[in-house]
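Asker:
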Amino acid sequence: MISYSVQIPDEKQSFFQEFLDVIGADYKKENSVSEKEKSQENVEIPEWHNKIVEERLADYRENPKNNMNFDDLLKDLRKKYSL
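If you read the sequence shown in my numbering, its first letter stands for residue 534, the second for the next number, and so on.
1) Have a look at Pro579, Lys613, Leu553, Arg589 and flag the residue whose alpha-carbon is nearest the alpha-carbon of Ser536.
2) In three-state DSSP terms, what is Glu588?
3) What's the C-alpha gap between Asn602 and Asn575?
4) Rounding to the nearest angstrom, what Cα-Cα distance links Asp604 and Tyr614 in this structure?
5) Is DSSP giving Ser615 helix, strand or coil here?
6) Reducing DSSP to helix, strand and coil, say where Lys598 ends up.
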């Protein structure tokens with residue numbers, strides 16, 4: 534059996550898949566770019582989000598002892614709420 538690797542334009546994908554079914558081909562569909570990656574490409578972060586992150590990062594750097602390790606936080610919450 535011969536094996537091919539091809540890239541199909543999105544608008545031709547259903548036609549090509551139907552063709553493969555008609556000829557009885559054994560195939561595995563793989564996306565070159567995952568749906569998650571596509572959705573992340575179009576996300577714009579509002580400036581006010583960036584500002585909040587910058588403020589929190591500055592606070593963390595200025596007062597590192599006021600922050601808690603995430604694992605320790607989970608441990609404390611589990612203990613406090615019997616989880």
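C-beta: ideal position from N, C-alpha, C; glycine also.
Answerer: Based on what the coordinates show:
1) Numbered from 1 along the sequence shown, position 3 holds the residue referred to as residue 536. With distances taken between Cα atoms, Ser536 lies closest to Leu553.
2) Reading the sequence shown from its first residue, position 55 is the one you call residue 588. Glu588: helix per DSSP, three-state reduction.
3) For the purposes of this step, residue 602 is identified with residue 69 of the sequence shown, where counting begins at 1. For the purposes of this step, residue 575 is identified with residue 42 of the sequence shown, where counting begins at 1. Distance between the alpha carbons of Asn602 and Asn575 is about 32 Å.
4) Taking the first residue of the sequence shown as 1, we reach residue 604 at position 71. Taking the first residue of the sequence shown as 1, we reach residue 614 at position 81. Rounded to whole angstroms, Asp604 to Tyr614 spans 15 Å at the Cα level.
5) Position 82 of the sequence shown holds residue 615. Coil, per DSSP.
6) Position 65 of the sequence shown, counted from the first residue, corresponds to residue 598. If DSSP states are grouped into helix, strand and coil, Lys598 belongs with the helices.
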